[in-house]
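Residue numbers (the UniProt record's numbering): 1 to 210. Glycine included, C-beta positions come from ideal geometry on N, C-alpha and C. None of the values given here were measured: they were computed from a predicted structure. Taking it in order: structure first as structure tokens, then the write-up.
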DNA sequence: ATCCCGAGGG
DNA sequence: CCCTCTGGAT
């Protein structure tokens, strides 16, 4: 795909949704970090239901740590992978409380050293909480980047690097959310709805049933 | 490469 | 039933 097509795609995304943001509900960087940690292989909707209850009881590292693993599990049992997520969230809370003054570090290495926080979660926090132009490649973005031809790659890291190189700079900060939302609601994994897609004419997938 | 793991959609 | 959902640790 050439540069003009990419620019046109993101221009359309921008016109349709000038200020895209995450659908995860949060009020602080720590709540965002916790919500993203819980969101692995889960829907935002399901995560929000759990975090509304959890954050009402504990929404700081000290409070989550005090709640303990079994305490946290009570609130997140409806989310997949809840046992490992509860353990990781409590361990992360303890580290933030003890080594980071209860704050979320705006630093990739510090973030990725936290239990349950990998590259993708760190990228989301750096982008959404701290305004850094990172590219968190999740299941949606990986699929969309390959399917449309915007930034094809064999694995998520390769797609991330190509997006950082190929997305026009003026769209970089919001590209993450636009691609997520497009993947969630239009270019869905199982049944992409090409007939109501705003960029079909620029897409290399070109589903034959249009 | 495999495990973790619930809810919702088709 | 089978697939998918803003992955990470082992």
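- The three-state secondary structure of residue 100, taken from DSSP, is coil.
- For residue 68, the enclosing alpha helix (DSSP H) covers residues 61-76.
- Beta-carbon to beta-carbon, residue 114 and residue 92 are separated by about 4 Å, close enough to satisfy the 8 Å threshold.
- According to the DSSP assignment, residue 13 belongs to the alpha helix (DSSP H) that extends over 3-16.
- Rounded to whole angstroms, the separation of the alpha carbons of residue 119 and residue 151 is 19 Å.
- Residue 10 sits away from residue 130, with the two beta carbons spaced by 8 Å or more.
- In the displayed model, residue 204 falls within coil according to three-state DSSP, outside both helix and strand.
- Here residue 145 is not near residue 157, since their CB atoms are 8 Å or more apart.
- Excluding its 5 nearest sequence neighbours in each direction, residue 60 has C-beta neighbours in its own chain below 7 Å: 30, 102, listed in chain order.
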